[in-house]
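Undergrad: Got a structure for you, written out below as structure tokens; questions coming shortly.
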Amino acid sequence: MKLQEADAKSLLLAQGLPVPAWEVARSPAAARTAAERAFAVGAERVVVKAQVLIGGRGKAGGVKLAGSAEEAERVAAAILGMDIKGITVRKVLVAAAAEIVKEFYLAALIDRAARRVLLMGSAEGGVEIEQVAATTPEAIVRVHAQPYLGLTGGDARRLAFAMGLGAHWKAAAAVASGLYRTMTDCDADLVEINPLAIVREPGADGGPVERLVCLDAKITLDDSALPRHPEFEALRDLDEEDPTDVAARAEGINFIKLDGTIGCMVNGAGLAMTTMDLVKRAGGEPANFLDIGGGARADKVSAAMRLILADPKVTAILVNIFGGITRGDEVARGLIEARAAQARDVPMVVRIVGTNADAAAALLREARFATAATLDEAAAKAVAASRAAG
Ligand code: GDP
Ligand code: MN
Numbered sequence: 335m336k337l338q339e340a341d342a343k344s345l346l347l348a349q350g351l352p353v354p355a356w357e358v359a360r361s362p363a364a365a366r367t368a369a370e371r372a373f374a375v376g377a378e379r380v381v382v383k384a385q386v387l388i389g390g391r392g393k394a395g396g397v398k399l400a401g402s403a404e405e406a407e408r409v410a411a412a413i414l415g416m417d418i419k420g421i422t423v424r425k426v427l428v429a430a431a432a433e434i435v436k437e438f439y440l441a442a443l444i445d446r447a448a449r450r451v452l453l454m455g456s457a458e459g460g461v462e463i464e465q466v467a468a469t470t471p472e473a474i475v476r477v478h479a480q481p482y483l484g485l486t487g488g489d490a491r492r493l494a495f496a497m498g499l500g501a502h503w504k505a506a507a508a509v510a511s512g513l514y515r516t517m518t519d520c521d522a523d524l525v526e527i528n529p530l531a532i533v534r535e536p537g538a539d540g541g542p543v544e545r546l547v548c549l550d551a552k553i554t555l556d557d558s559a560l561p562r563h564p565e566f567e568a569l570r571d572l573d574e575e576d577p578t579d580v581a582a583r584a585e586g587i588n589f590i591k592l593d594g595t596i597g598c599m600v601n602g603a604g605l606a607m608t609t610m611d612l613v614k615r616a617g618g619e620p621a622n623f624l625d626i627g628g629g630a631r632a633d634k635v636s637a638a639m640r641l642i643l644a645d646p647k648v649t650a651i652l653v654n655i656f657g658g659i660t661r662g663d664e665v666a667r668g669l670i671e672a673r674a675a676q677a678r679d680v681p682m683v684v685r686i687v688g689t690n691a692d693a694a695a696a697l698l699r700e701a702r703f704a705t706a707a708t709l710d711e712a713a714a715k716a717v718a719a720s721r722a723a724g
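Under this note's numbering, the first residue of the sequence shown is numbered 335, with each subsequent residue one higher.
Dropping the structure here:
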């Protein structure tokens, strides 16, 4: 699950990291009020930033500076409603604009090959790290955290020095440690600061001082760990989620959309993967991974059918149920109900074995469903039906 910049910044702030104050506004008028508050405490300019779950907002015109509250309102009016890579902007972040001296990149991520958390830093901040990796890979510093010790003080300092943070090494090492803590405390996959910036601010005596701050923040949480973080559920941005994903989660169905034409409805993750393999072996392409779970009842079958049919590319459906806790006749009833209610008529091939398979077969025969005794036969029939339809 991706977090909006403002929410990511809240998590960083909770770890004691240096993040400049901000407000979130959903209308130009609210952006103006937020800007007025920033100017009231001494800001010379404000920055207005689109809050969308996608990078490269700056380049797309979603990050703008304003010199007055009126200008902030105008800029917010331009950004709100803007389309950034297919996503409509519904809210903006408003903050006192920083006077940037230099931009760095710093991120904590999972290095699956090394089975460790990797801290990645670069003095080439502000630009996309993929671009730096492609053109000047030597400009990226990599330091692994240790499995039991975490990111040690020595590791953090080594990283800060190698990134060329000079006088700001202490602050940078503290940020690196904070990113590591955020990563482990929140069960994140990625915590990225780009730019981590040296900024110039008026000091206590009026003269300018330099400070290291997190100007942007991107956090991706590990979905599999969300059950142990109920507090993060409120951070889910439904505005930007695929409606099918939202519906699947609400129904407790494990659903992943793919590119093919054969919709698959299966119980059990292992069986679902096997079914996808056999569809491919039969010459077809699965349209999805779908595990309706154990003990699926008729209403869940209907919900799964709706999810599959929401994809216009689906031209045939393969149902593969192994009845254990799940009763075959319940599933058959669900399929009959679902087919009666479905918006478009897509050929369906059904294989149900295990608990109450005989009762299921009788129901399906009566309702004139195409059935199959083996999985290979079911896959072959589904592929043939899909070809005939497409
Ligand atoms: P992204 O493009 O989605 O990564 O959004 P960022 O928050 O990283 O902003 C993009 C760029 O806008 C940064 O690299 C900065 O150069 C610039 N920017 C962002 N915030 C400020 C700010 O407070 N002051 C100034 N001067 N520039 C900023
Ligand atoms: Mn950025």
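By construction, the Cβ of each residue, glycine as well, lies at the ideal position given by its N, Cα and C atoms.
If you follow the beta strand (DSSP E) that ARG545 is in, where does it begin and where does it stop?
TA: 542-548 is the extent of the beta strand (DSSP E) around ARG545.
Undergrad: Just to confirm the assignment: which complete alpha helix (DSSP H) runs, minimum length 4, are found wholly within the region 431-471?
TA: Counting only runs of 4 or more, we get 463-469.
Undergrad: Beta strand (DSSP E) containing THR554: first to last residue?
TA: Per DSSP, THR554 belongs to the beta strand (DSSP E) from 552-555.
Undergrad: I think ALA288 touches VAL386, with their Cβ atoms under 8 angstroms apart; what is that distance to the nearest whole Å?
TA: Because the chain is modelled from 335 through 724, residue 288 falls outside the range shown and cannot be assessed.
Undergrad: Pick from GLU619, ARG583 and ALA606: whose alpha carbon is nearest that of THR595?
TA: The residue with the shortest Cα to Cα distance from THR595 is GLU619.
Undergrad: Would you check if there are 3 or more beta carbon pairs closer than 8 angstroms linking the region 662-676 to the region 631-641?
TA: Yes: the two stretches touch, three or more of their Cβ pairs being nearer than 8 angstroms.
Undergrad: I'd like the span of the alpha helix (DSSP H) that includes GLU339, first residue to last.
TA: Start and end: 339-348.
Undergrad: Checking the sheet assignment: what are the DSSP bridge partners for PRO646?
TA: Answer by DSSP bridge pairing: none, since PRO646 is not bridged.
Undergrad: Measure from the alpha carbon of ILE434 to the alpha carbon of each residue in ALA701, LYS343, ILE659 and GLU535, then state which is nearest.
TA: The shortest C-alpha separation from ILE434 is found at GLU535.
Undergrad: State the CB to CB distance for the pair VAL687 and GLY657, rounded to an integer number of angstroms; the pair is presumed to be in contact (CB under 8 angstroms).
TA: Yes, they are in contact, since the Cβ atoms of VAL687 and GLY657 sit about 7 angstroms apart, within 8 angstroms.
Undergrad: What does DSSP give as the partner residues of ARG306 in its beta bridges?
TA: Shown here, the chain extends from 335 to 724; a query on residue 306 therefore has no answer.
Undergrad: Need the endpoints of the alpha helix (DSSP H) that LEU485 sits in, please.
TA: Unbroken run through LEU485: none, as it is neither H nor E.
Undergrad: Candidates LEU453, PRO561, GLU462 and ALA704: which alpha carbon is nearest THR516's?
TA: For the residues LEU453, PRO561, GLU462 and ALA704, the minimum Cα distance to THR516 belongs to LEU453.
Undergrad: For PRO354, which of helix, strand or coil comes out of DSSP?
TA: Looking at PRO354 - three-state DSSP - the assignment turns out to be coil, as it is neither helix nor strand.
Undergrad: List in chain order the residues whose CB is within less than 6 angstroms of at least one heavy atom of the ligand MN.
TA: Taking each Cβ in turn, the ones that pass are ASN528 and ASP550.
Undergrad: Is GLY726 helix, strand or coil when you go by DSSP?
TA: Look at the range of the chain in this structure, 335 to 724, and you will see that residue 726 is not part of it.
Undergrad: Examine the ligand GDP and report whether any of its heavy atoms sits within less than 6 angstroms of the Cβ of ALA372.
TA: Incorrect: ALA372 has no Cβ contact closer than 6 angstroms to the ligand GDP.
Undergrad: How should TYR482 be labelled, buried or exposed, when 16 other C-beta atoms within 10 angstroms of its C-beta is the threshold for buried?
TA: Flag for TYR482 reads exposed.
Undergrad: From GLU711 to ASP523, what distance separates their C-alpha atoms?
TA: Cα-Cα distance, rounded: 41 angstroms.
Undergrad: Could you tell me which residues DSSP pairs with ASN622 in its beta bridges?
TA: LYS591.
Undergrad: Are there three or more Cβ pairs, one per stretch, closer than 8 angstroms when the region 601-615 is compared with the region 712-719?
TA: Short answer: they touch.
Undergrad: Compute every distance between the C-beta of GLY401 and the non-hydrogen atoms of the ligand GDP, then say whether any falls below 6 angstroms.
TA: Answer for GLY401: no, Cβ out of range of the ligand GDP.
Undergrad: Going straight from the alpha carbon of ASN528 to that of THR518, what length do you get?
TA: Rounded to whole angstroms, ASN528 to THR518 spans 20 angstroms at the Cα level.
Undergrad: Do you know offhand how far PRO646's Cα is from GLU339's?
TA: Each residue's Cα considered, the two are about 33 angstroms apart.
Undergrad: Report the rounded CA-to-CA distance for VAL683 versus ALA722, giving the unit in angstroms.
TA: If you take the alpha carbons of VAL683 and ALA722, they lie about 14 angstroms apart.
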